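151 is the number that my numbering gives the last residue of the sequence shown; the numbers go up by one with no jumps.
Here the structure comes first, spelled out in structure tokens, and everything after it is commentary.
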Amino acid sequence: MSEISYRNANESDFNLIWKIENSCFNKIDLFKKHQIKHFLRNPNKSIITDIILLDNQPIGWACYLTRKFASFIRLYSLCIFPNYRGKGYAKEYLSKRFQTFSDKFKRIYLEVRISNENARMLYKSLGFKELRILKDYYVNEDGIKMEYNF
2 MSEISYRNAN
12 ESDFNLIWKI
22 ENSCFNKIDL
32 FKKHQIKHFL
42 RNPNKSIITD
52 IILLDNQPIG
62 WACYLTRKFA
72 SFIRLYSLCI
82 FPNYRGKGYA
92 KEYLSKRFQT
102 FSDKFKRIYL
112 EVRISNENAR
122 MLYKSLGFKE
132 LRILKDYYVN
142 EDGIKMEYNF
């Protein structure tokens with residue numbers, strides 16, 4: 002049976018994350034290289050980056066933002082290689098990761114494209130609620146702000 006796990010990303014993961022990003026997002030939504038490098042350097046210790054693993058092989062990455070003493074965390078990016086999507090791996094990863102957050106945070110926020118039905122269904126299946134539409138949040142589309150309470 003396959004096992005989903007994760008590990009903290011570090012600067013040596015830059016090329017892997019860049020490859021994952023390019024497989025998941027169009028040029029408009031793609032992080033810039035300097036942004037990924039900043040996330041990995043994490044100068045303020047307010048960014049959590051994970052490499053998502055299937056049987057110890059990388060299949061995706063996730064990035065979370067928070068602040069010192071904050072009661073919430075923001076899922077800033079979640080990306081799974083396309084050939085691993087639709088198999089429940091993202092849901093399993095998030096379920097495991099959220100267990101580690103439940104002692105420290107009261108809620109998780111995220112934003113998602115209004116047209117990204119697969120992601121919206123994933124988040125709803127985990128217990129996220131849609132809070133509101135974010136008009137023109139993306140370059141060419143509205144977003145939806147979602148919240149999960151522990």
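All C-beta atoms in this analysis are idealised placements derived from N, C-alpha and C, irrespective of residue type, glycine included.
Nothing here was measured: the structure is a model prediction, and the numbers come from that model.
Endpoints, the alpha helix (DSSP H) within which residue i is located
{"i": "Lys-34", "result": "34-42"}
{"i": "Lys-69", "result": "Careful: Lys-69 lies outside any alpha helix (DSSP H) and carries neither H nor E."}
{"i": "Asn-85", "result": "Reading off the sequence shown, one finds Tyr at residue 85, where the question assumed Asn. First-last for Tyr-85: undefined, no H or E at that position."}
{"i": "Ile-52", "result": "Note, Ile-52: premise wrong, no alpha helix (DSSP H); beta strand (DSSP E) at 48-55."}
{"i": "Glu-152", "result": "Past the edges of the chain, shown from 2 to 151, lies residue 152, and the structure says nothing about it."}
Delimiting residues of the beta strand (DSSP E) encompassing residue i
{"i": "Asn-119", "result": "Per DSSP, Asn-119 belongs to no beta strand (DSSP E); it is in the alpha helix (DSSP H), 118-126."}
{"i": "Asp-143", "result": "142-150"}
{"i": "Ile-134", "result": "130-139"}
Burial state of residue i, where buried means 16 or more other Cβ atoms lie within 10 Å
{"i": "Glu-12", "result": "exposed"}
{"i": "Glu-22", "result": "buried"}
{"i": "Asp-14", "result": "buried"}
{"i": "Leu-26", "result": "This sequence places Phe at residue 26; Leu is not what is there. The residue in question, Phe-26, is exposed, as its Cβ has fewer than 16 Cβ neighbours within 10 Å."}
{"i": "Pro-59", "result": "buried"}
{"i": "Arg-68", "result": "exposed"}
{"i": "Arg-98", "result": "buried"}
{"i": "Gly-128", "result": "exposed"}
{"i": "Leu-132", "result": "exposed"}
{"i": "Met-147", "result": "buried"}
{"i": "Phe-70", "result": "exposed"}
Inter-residue CB distance, residue i and residue j (contact presumed, cutoff 8 Å)
{"i": "Ile-29", "j": "Val-113", "result": "Not confirmed; about 15 Å, so no contact."}
{"i": "Tyr-65", "j": "Tyr-77", "result": "6 Å"}
{"i": "Ile-52", "j": "Tyr-7", "result": "6 Å"}
{"i": "Ile-74", "j": "Phe-106", "result": "5 Å"}
Simplified DSSP assignment, three categories, for residue i
{"i": "Ala-63", "result": "strand"}
{"i": "Lys-105", "result": "coil"}
{"i": "Glu-4", "result": "coil"}
{"i": "Leu-31", "result": "coil"}
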